[in-house]
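Student: Quick note, in the UniProt record's numbering, the sequence shown goes up one by one and the last residue is 306.
Think of the CB as a built atom: it goes at the ideal place given N, C-alpha and C, for glycine as much as any other residue.
Computed from a predicted structure; not experimentally measured.
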Amino acid sequence: MDQGRNDGKAFREALEELRLLQLSVESWKLLSGRVQAKLDDQEVARFANALRVYATKDRVNEYNHYHLDRLGRPIIQVKAKNVGHGAAAAPDDKAGNLAKQIPICVGAHLMLTSNLWQPVGLCNGARGTVYDMGWAPGADPVQDPPCVIMMEFDKYNGPVFLTTADGRNIVPILPVERDFLIGSTLCTRTQFPLIVCYAITQDYPPASASIPPKDRVSSSLGQWSDQRASQKGGKVSQDDPSTAGARVRLAAIQRDHRSRCRAGETVSLTPTISQLGVFQGSKATEEGMQLRVKIDYGQVGVKVGG
């Protein structure tokens, strides 16, 4: 289904119908025509590294676990910090799209679940690969979560934290905090806005997010298809993942950021990671560089400088 063909539009419509559990006969026929048994080996091989879209979370977890295991690297479970009665049990979609825990290792493929800096490609649905992780000084890597995850994103076009010898552009991803309601109780979850993304469910990413150029879609019967979606026409939702109940608190934070930006203030990131040298076990070896984040009317940007 090449970009620009009518089949591409029909495929997008089929995805939307799957998301709503309202698959039409036409869409069913379209997907049925792409059953793996009907394709030759060369066509099947094109999907070796494609993102899979499954109907159930169990299938997603199974496929993600399989690919993480194949990496043959030590894996850590990065657990979220929760505040508030019942916050720890809240599902991801009720807690600002932040996972309860994330299995991560060097080389793992991850996807952003939040809009961090849209103009340069750090947006909901952006995919990348873990380059390294860093812990704060004095932290126990066995017991404590990392304070930063260094990643190379597929379509990032902004300033970089470092460039590797083989030309990879590495940027840091930090934990974020999201407010949400459980009943009338305001809760908070702090976690990296990331998920493992060898496979995802059919209701993620949102309809407003760009669909990667080549995806494999599987129903409960194993039907799948290839799509080459137009990247130029794709748009990413700018809605904040926080729930409506937390808007009062969020608005107060945004007002504070605006006033500080008007004064030309640069807001530092976590002090424990202000220097490259504090990353325990990190491949980043340059010293004396500071990473700062400047919040410009709600827009986050990364600045690297002395």
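Report yes if the CB atom of P175 is closer than 8 Å to the CB atom of F161, and no otherwise.
Tutor: Not a contact, by the Cβ cut-off of 8 Å.
Student: Would A108 and L68 be called neighbours here (beta carbons separated by less than 8 Å)?
Tutor: Yes; because the gap between Cβ atoms is below 8 Å, this pair is in contact.
Student: So what does K79 bridge to, in DSSP terms?
Tutor: Answer is Q101.
Student: Which stretch, first to last residue, makes up the beta strand (DSSP E) that contains Y131?
Tutor: Here the beta strand (DSSP E) through Y131 covers 127-134.
Student: With a CB to CB cut of under 6 Å and the five nearest residues on each side skipped, what residues in its chain are close to A48?
Tutor: None.
Student: Grouping DSSP H, G and I as helix and E and B as strand, with all else coil, what is Q191?
Tutor: Three-state DSSP puts Q191 in a strand.
Student: Please classify F153: does DSSP put it in a helix, a strand, or coil?
Tutor: In the structure shown, F153 sits in a strand (DSSP, three-state: E or B).
Student: Could you please give me the residues that DSSP links to V176 through a beta bridge?
Tutor: Q191.
Student: Assuming contact is defined by CB atoms lying nearer than 8 Å, are M151 and T129 in contact in what I supplied?
Tutor: Yes, Cβ-Cβ distance for M151 and T129 is below 8 Å.
Student: Candidates S114, Y156, H85: which alpha carbon is nearest G183's?
Tutor: Nearest of S114, Y156, H85 to G183, Cα basis: H85.
Student: Assuming G134 and P146 form a contact by the criterion Cβ under 8 Å, report the distance between their Cβ atoms to the nearest whole angstrom.
Tutor: G134 to P146, Cβ: 6 Å. Contact.
Student: Please report how far the alpha carbon of K94 lies from the alpha carbon of L194, in whole angstroms.
Tutor: Distance between the alpha carbons of K94 and L194: 15 Å.
Student: Buried or exposed for Q77, going by 16 or more other Cβ atoms inside 10 Å?
Tutor: Exposed, since its Cβ has fewer than 16 Cβ neighbours within 10 Å.
Student: What does the alpha-carbon distance come out to for the pair S179 and L186?
Tutor: Reading off the sequence, residue 179 comes out as Asp, not Ser. Straight-line Cα distance between these residues: approximately 7 Å.
Student: Am I right that K81 and T190 are in contact with their C-beta atoms under 8 Å? What's the rounded C-beta distance?
Tutor: With 8 Å as the limit, K81 and T190 qualify as a contact, their Cβ atoms being about 4 Å apart.
Student: Grab the span of the alpha helix (DSSP H) containing L31 for me, first residue to last.
Tutor: Note, L31: alpha helix (DSSP H), 25-32.
Student: Just to confirm the assignment, what range does the beta strand (DSSP E) spanning A110 have?
Tutor: The sequence as given places Leu at residue 110; Ala does not occur at that position. Element bounds for L110: 109-112.
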